[in-house]
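See structure below.
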Amino acid sequence: MAMELFRVCLVVVTAIINHPLLFPWENATIPENEEEIIRKMQEHQEKLRLEQLRLEEEVSRLEAEKEALRQVEEEQQQQLEAHTAWDLWTTLCMVLFLIIEVLRQNHQEGTFPECLGGDEDELSGLGGTLLQGLPLPNRATLDHFYEHCIRSTTGDATRTQEFVEGFVDDLLEALRSTYNGKTDMELEDFIGVGSMYENWQVERPLRCHLFIPFIPPEPYSFHPEFWCSSLSTPLERQGYGQIKVTLADGNPLGCVCGKAKLEEDMLCLLYGKNRGAWPSSAGCGEMEGLLCSRESSYLDVMQVMKWFQMALTRAWHRIAHKYEFDLAFGELDTPGSLKIKFRSGKSMPFILTPVIRCNDSDLYFILQLPKEPCGGGPASSAHWLLSFAVYERQFLRMTGKALPEGACHLSCLQIASFLLSKQTRLTGPSGLSDYHLKTALLHLLLSRQASDWKASKLDVRLQDLFCFLERSLLEKKLYHFFMGNHKVPEALGLPEVVRRAEPLNLFRPFVLQRTLYRNTVDSFYEMLKNAPALISEYSLHVPSVRASPPPKAVVS
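Numbering (mature numbering (1 follows the signal peptide of the UniProt record, and there is no 0)), first residue to last: -15 to -1, 1 to 541.
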């Protein structure tokens, strides 16, 4: 018993002696190991926390994707269920739109759309910065540029005009010398149109544009038909018309070759070529129209162009020996484009366009090569473009008389045309043309007071012109100045059928041709960006040698 008690006491004493708290200096490394372990445990705990966060984010993403897929499936299901209802709604909308359009046309009072950009306050409502904040040259720079680069070339334009008119007079006289009232078209005196005769042409080389009206031989007559006289005229044919060939008594055109007591050299406009002034033909039994479209009584653009070119060639051969220059056809895509070639190597282009007068007005149907319409339908050679060139010249002349002396309206147009021509050479042609510039100016002339066009306001009016074009481009709307415009002065004598017509949007092609529209807008802003540099450059380097006047015609 005593032995067992001794053993227990020995164990207790041994345990007390070996306890770490009793002898701490013998176990000094233990606290350090614990700190290392605690640090590692904390690092491991941080890794576990980050991993937990990553897993939570992954779970959230998977749940979001699952929710999105569920919503897509629900939307697809809803679209599938509402497909029939949507088709019905679309049909109802189309019917409603057609009804509104018919009612609008029936009740329209013919008011012409308001002039865009008439006031600066109106332009500011467009939103954004005018002209994208691009600065235009100041008035002093514009005045210097105009005086030294544009006004000084007026003498060249006058001499060129006189030379071309004298030559064309001789050419037409040669045509009339062989005129046969029964077989040939009768050519009337030429009419000068375009920028040369409106005193604002700046493009070089200078080019005269002359209309040559012609009338048919007896027993025929021309009966113009406007596009607005038909309700089924496609949009791309607005501004065009057809020339119906009828007999002088108003009866529909029929072959007159078989009628009694007609001369053998009578010209038949419906069937084959006659045996007089034209190349021989097998007879009238062939349906090969000379001047009319195939199997119709409407005058054909291509046939008339061929006839006119043949007539000019014959006339030139009769008088070529009198001149020391050659005459050749110019641009193939411009009917009546001619070029005088001097022995010195210089040339002088001009345009003779055969036209048909519309009744007793100053409207003319002119030749224009048929082009594929935007809709993709076949091009028609029976449609003639209606030209308001004579009315445009008369309006500018009439308006100019009411403006202050030295008005800046033509100066604005010349500077804008100059910038557009230079930009075209830099980046290629766009959808913007000189005719659009002139149309914008005509609208501004009609909407502004005469005092606004003083010479001292050149810079302000030029900015107005560009702001007008900018807004028209952004809205894709630039209305023809005469068609449907009741604000045009009645003293101009515009036919009532044109005043009552639906306004024609000259920028309509931009609605269908997005690439052309984008390129045109980019080119327009690029032109404004380059304007200060171009005008300054040409003002500093004014050519010292002007184009020499055309040589006098030498008659042998």
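Think of the CB as a built atom: it goes at the ideal place given N, C-alpha and C, for glycine as much as any other residue.
Every value quoted in this text rests on a predicted model; they were computed, and no experiment measured them.
Spatial distance of E487 from F467 (CA atoms): Along the sequence shown, read from residue 1 onward, the residue named residue 487 stands at position 502. Along the sequence shown, read from residue 1 onward, the residue named residue 467 stands at position 482. Each residue's alpha carbon lies about 10 Å from the other.
Contact check, C393 vs L116, beta carbons under 8 Å: The count along the sequence shown starts at 1 and reaches residue 393 at position 408. The count along the sequence shown starts at 1 and reaches residue 116 at position 131. Going by C-beta atoms, C393 is not nearer than 8 Å to L116.
Three-state secondary structure assigned by DSSP to N515: The sequence position of residue 515 within the sequence shown is 530, counting from 1. Note: N515 maps to helix in three-state DSSP.
For L443 and D128, the rounded distance between their alpha carbons: Residue mapping note: residue 128 aligns to position 143 of the sequence shown, counting from 1. Residue mapping note: residue 443 aligns to position 458 of the sequence shown, counting from 1. Answer to the nearest angstrom: the Cα atoms are 8 Å apart.
DSSP state of D302 mapped onto helix, strand, coil: Within the sequence shown, numbered from 1, the residue matching residue 302 stands at position 317. According to the sequence provided, residue 302 is His. The question's Asp does not apply to it. In the structure shown, H302 sits in a helix (DSSP, three-state: H, G or I).
Helix, strand or coil at T14 according to DSSP, with G and I counted as helix: Here residue 14 refers to the residue found at position 29 when the sequence shown is read from its first residue. Note that T14 scores 47 on pLDDT, short of 50, meaning its location in the model is unreliable; the coordinates nonetheless yield the value given after this. Helix at T14.
Option in T412, T500, V230 and A296 with minimal Cα separation from R161: Numbered from 1 along the sequence shown, position 176 holds the residue referred to as residue 161. Out of T412, T500, V230 and A296, the CA that lies nearest to the CA of R161 is found in A296.
Simplified DSSP state of N184, which is helix, strand or coil: If you number the sequence shown from 1, residue 184 lands on position 199. It is coil, neither helix nor strand.
C-beta atoms of A425 and S457 nearer than 8 Å: As a first step, residue 425 must be located in the sequence shown, where it is residue number 440. As a first step, residue 457 must be located in the sequence shown, where it is residue number 472. Contact: yes.
Endpoints, alpha helix (DSSP H) assigned at R493: Reading the sequence shown from its first residue, position 508 is the one you call residue 493. Per DSSP, R493 belongs to the alpha helix (DSSP H) from R493 to L497.
For S372: DSSP bridge partner residues: Position 387 of the sequence shown holds residue 372. For S372, which the question treats as bridged, DSSP gives the partners Y349.
DSSP bridge partner residues for L323 (one or two, in chain order): For the purposes of this step, residue 323 is taken as the residue at position 338 of the sequence shown. Answer is F314 and F335, bridged to L323.
Anticipated Cβ contact below 8 Å, L323 with F314, distance rounded: Numbered from 1 along the sequence shown, position 338 holds the residue referred to as residue 323. Numbered from 1 along the sequence shown, position 329 holds the residue referred to as residue 314. Between F314 and L323 the Cβ distance is about 6 Å, and since that is below 8 Å, they are a contact.
Rounded distance between the beta-carbons of R484 and H471, thought under 8 Å: Residue numbering aside, residue 471 sits at position 486 when the sequence shown is read from its first letter. Residue numbering aside, residue 484 sits at position 499 when the sequence shown is read from its first letter. 6 Å between Cβ atoms; contact.
Where V230 falls: helix, strand or coil (DSSP): Taking the sequence shown and counting its residues from 1, the one referred to as residue 230 is at position 245. Strand at V230.
8 Å Cβ cutoff met for I228 and Y283: By one-based count along the sequence shown, residue 228 stands at place 243. By one-based count along the sequence shown, residue 283 stands at place 298. Yes, they are a contact pair.
Span of the alpha helix (DSSP H) around V483: For the purposes of this step, residue 483 is taken as the residue at position 498 of the sequence shown. Segment E481 to R484, the alpha helix (DSSP H) holding V483.
Touching by the beta-carbon criterion (3+ pairs, under 8 Å), the region 332 to 339 and the region 190 to 205: yes
Residue of V482, R503 and R499 minimising C-alpha distance to E210: As a working mapping, residue 210 is identified with position 225 in the sequence shown. Nearest of V482, R503 and R499 to E210, Cα basis: V482.
Sub-8 Å separation of R192 and P320 beta-carbons: The residue you call residue 192 lines up with position 207 of the sequence shown. The residue you call residue 320 lines up with position 335 of the sequence shown. Cβ distance not < 8 Å, so R192 and P320 don't count as in contact.
Three-state secondary structure assigned by DSSP to L477: Sequence index remark: in the sequence shown, residue 477 carries index 492 (1-based). Helix at L477.
Buried or exposed by the 16-neighbour rule on C-beta atoms within 10 Å, applied to V496: The residue labelled residue 496 in the question sits at position 511 within the sequence shown. Classification for V496: exposed.
Contacting residues, own chain, Cβ-Cβ under 7 Å from D155 (five flanking each side not counted): Translated into the one-based positions of the sequence shown, residue 155 becomes position 170. Same-chain partners within the cutoff: I304.
Unbroken alpha helix (DSSP H) run spanning E460, endpoints: Position 475 of the sequence shown, counted from the first residue, corresponds to residue 460. Segment L443 to E460, the alpha helix (DSSP H) holding E460.
Top-ranked residue by Cα proximity to D347, from W369, Y376 and S329: Working through the sequence shown from its first residue, we reach residue 347 at position 362. The option with the nearest alpha carbon to D347 is Y376.
Beta-ladder partner(s) of H194, from DSSP: If you number the sequence shown from 1, residue 194 lands on position 209. V178 and I336.
Residue span of the beta strand (DSSP E) that contains S206, given as start and end: Mapped onto the sequence shown, residue 206 falls at position 221. Unbroken beta strand (DSSP E) run through S206: Y205 to F211.
Three-state class that DSSP yields for R39 in the structure shown: As a working note, residue 39 is residue 54 in the sequence shown. Helix.
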